[in-house]
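Student:
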Amino acid sequence: MSEREREARRARLAALREAGVDPYPARVAARETVAGVSEHFADHDEQALEADPVTVSLAGRLMALRPMGKLVFGTLLENGARIQISARKSEIPAELFAAVKTLDVGDFLHVEGPLWRTRKGELTVDLRGFQLLAKSLAPLPEKWHGLKDVEVRFRKRHLDILVNEDARRIMLQRSAVVRAMREVLDGRGFLEVETPVLQPIYGGAAARPFTTEHNAYDQRLFLRISDELYLKRLVVAGLDRVYEIGRVFRNEGISRKHNPEFTMMECYQAYADYRDMMELTQSLVQTICDRVFGTRQLPYRGQVIDFDGEWPRLSMRDAVAERIGVDVLDCPDLPSLQQALRDAGRELGEAPTWGRLVDDLFSEHVEPQLIQPTFVTDYPLELSPLAKRSPDDPRLVERFEAFVGGLEIANAFSELNDPVDQRGRLEAAHRDRDAGDDEAHPMDEDYLEALEIGLPPTGGLGIGVDRLVMVLVDAPNLREVISFPYMRPDD
RNA sequence: GGGCGCGUAGCUCAGCUGGCAGAGCAAGGGACUCUUAAUCCCUAGGUCCGGGGUUCGAACCCCCGCGCGCUCACCA
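For the first sequence, our numbering assigns the number 29 to the initial residue and increments by one for each residue that follows.
Take a look at the structure:
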């Protein structure tokens, strides 16, 4: 049992206290960084270090110990950078050497001493003094195989990110992606805002919400499923360009592509439309590629995704026609479309409406094929109760979704700003709701009133940050890019 | 929710046709002044996921449950 090891470490901790050592001191002596020292002395060979000795002062976690009698080697890890340390019995007092031998892998140390290079050429700090910064009482994962068990990796993410380079890399890259996203939006004059997570009426997407309640007011509240309606209220308020990067919550199934809470970037731009949002989407992703990865060609699951250039645009009608051989606009209602599909020898799902059937066809036959970045445009009206009707075809709306690697990463439209049309569309959704569609959009009188005050023509865009990162860093699973993904409670 | 697979020492895993529960690493003791997966000797370490059944005998076969993974469905 690891209890044995924990007991051994506790015993050493007790011995330290006995000897008057504070195993958890409050302050760390002045120090340099491991990365800085490694970089600065990268070109200094053995002779140079001998001729002109340099003493360094470093802190970090002891990740390995290789005792060899009167010589001990160890590895210090600080902020992702490693450096070797050594302790030589001939160079330091006996008590100090003995103290080194009581260290455990996992302990935090401050060390100081001169730099030297081993025969193999490794830059090494020859310890002349050290201070324990924090005693580690529980063992780290095993050094050969590391931490591979997927369940343990996600349940004990502190260990995963500590010992698995890839997990750490993804954390850093995700942060860089979000930073680049903010820079682009800030550079275009967008104002970063925050809107309510707890909402009396949820909306802005088709999804089931989590519910909670406010004790003092005895009120039922929902965790937001999107930021949309509040952000558009802010555009009504005269904040012409706003964005929010925040967590949304959807009470639905969990999969490789779905976590119950995920990070969404939503932005709204007055006097713009969905075409402007297409340009913004492309520019955002390309700038992220440039700044974070230094290239617009990135590997994903054995293929190379090319984010450069103008992304192809494909209407949903053409996309479906290409794969299924049925022109959905030639079949204006559910029965005629079902008949056309039967004639084409296609399996029929149980779609309740024309729009849902079109969407089902698209999701099943087209979406998985969209590996290279692609804009899919012109969605059925009934799937998009918040999007502006297409001036060319009243059954369609000005909307697109961006797909990469078979994943939907962005959704955007020209926002519906006609309060009368909006009311009618929400009422229609409300009827679906009464008919049993529990994901249908609920009625929101307060939002409708805001629209009556007046929303300018506005383009809106939502990007699923986790999914975008998943594609960019070539992660097989959404959980890889979430610091603490949802896991069932274990016992 | 359905199908398939997995669950053995702290970690990574082996365990044959049902016959004494194993290795490496980690841990404890010892040797060792150029290691970096250090090496060598010794020691300790088990609810074989849980429960039930079949059997003289179950880690192994059967049933139920739990957890995880993949996948399908759901989730635009």
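Note that CB positions come from ideal geometry on N, CA and C, so glycine has one too. From a predicted model like this one, the values you see are computed outputs, not experimental measurements.
#1: In terms of residue numbering, what span does the alpha helix (DSSP H) encompassing P363 cover?
#2: Is it right to say E426 is buried, meaning 16 or more other beta carbons lie within 10 angstroms of its own, or is it exposed?
#3: Among R38, K171, A79, E140, which residue has its Cα nearest to the Cα of L93?
#4: I need the boundaries of the beta strand (DSSP E) containing Y258, first residue and last residue.
#5: Out of A122, N107, I120, G102, which has the shortest C-alpha to C-alpha gap to S114?
#6: Roughly how many angstroms lie between the CA atoms of T309 and I316, to the nearest whole one?
#7: Look at the alpha carbon of E392 and the alpha carbon of S418, and state the distance between them as a whole number of angstroms.
#8: Using 8 Å as the threshold, is the C-beta distance between P470 and I111 below it?
#9: Take Y514 and list the residues in its own chain whose beta-carbon comes closer than 6 Å to its own, dropping the five residues that flank it on each side.
#10: Could you have a look at A87 and say whether DSSP puts it in helix, strand or coil?
#11: Rounding to the nearest angstrom, what Cα-Cα distance links L160 and D132 in this structure?
#12: Out of R341, E410, R451, state which residue places its alpha-carbon closest to the alpha-carbon of L362.
#13: Just the C-alpha distance for G452 and V499, rounded to the nearest angstrom, thanks.
#14: Please classify P381: does DSSP put it in a helix, a strand, or coil?
#15: What span of residues does the beta strand (DSSP E) with F441 cover, start to end?
#16: So which of E150, P167, V191, D304 has the shortest CA-CA distance to H17?
#17: For H242, count neighbouring Cβ atoms within 10 angstroms of its own Cβ and tell me buried if that reaches 16, exposed if not.
#18: Straight-line CA distance for F182 to L151?
#19: What does a CB cutoff of less than 7 Å around L483 pick up in its chain, not counting 5 residues either side in sequence?
#20: State buried or exposed for S412, treating a residue as buried only when at least 16 other CB atoms are found within 10 Å of its CB.
Tutor: Working from what's here:
#1: Residues 362-371.
#2: Buried, because 16 or more other Cβ atoms sit within 10 Å of the Cβ of E426.
#3: Nearest of R38, K171, A79, E140 to L93, Cα basis: K171.
#4: It is not in any beta strand (DSSP E) - Y258 instead sits in the alpha helix (DSSP H) that spans 256-264.
#5: Nearest C-alpha to S114: G102.
#6: Whole-angstrom Cα-Cα distance: 11 Å.
#7: One C-alpha to the other measures close to 25 Å.
#8: Not in contact: P470 and I111 (Cβ atoms no closer than 8 Å).
#9: The residues are N287, P288.
#10: Three-state DSSP puts A87 in a strand.
#11: About 11 Å.
#12: Out of R341, E410, R451, E410 has the C-alpha closest to the C-alpha of L362.
#13: Rounded to the nearest angstrom, the two C-alpha atoms are 38 Å apart.
#14: Checking the displayed sequence, the identity of residue 381 turns out to be Thr instead of Pro. DSSP places T381 in coil when its eight states are reduced to three.
#15: 435-442 is the span of the beta strand (DSSP E), which, as asked, contains F441.
#16: Since the first and last residues shown for the chain are 29 and 519, residue 17 lies out of range.
#17: With fewer than 16 Cβ atoms within 10 Å of its Cβ, H242 is classed as exposed.
#18: When rounded, the distance between both Cα atoms is 34 Å.
#19: Excluding positions up to five away in sequence, the list reads K260, V263, V264, E443, N445.
#20: For S412, the number of other beta carbons within 10 angstroms of its own is at least 16, and it is reported as buried.
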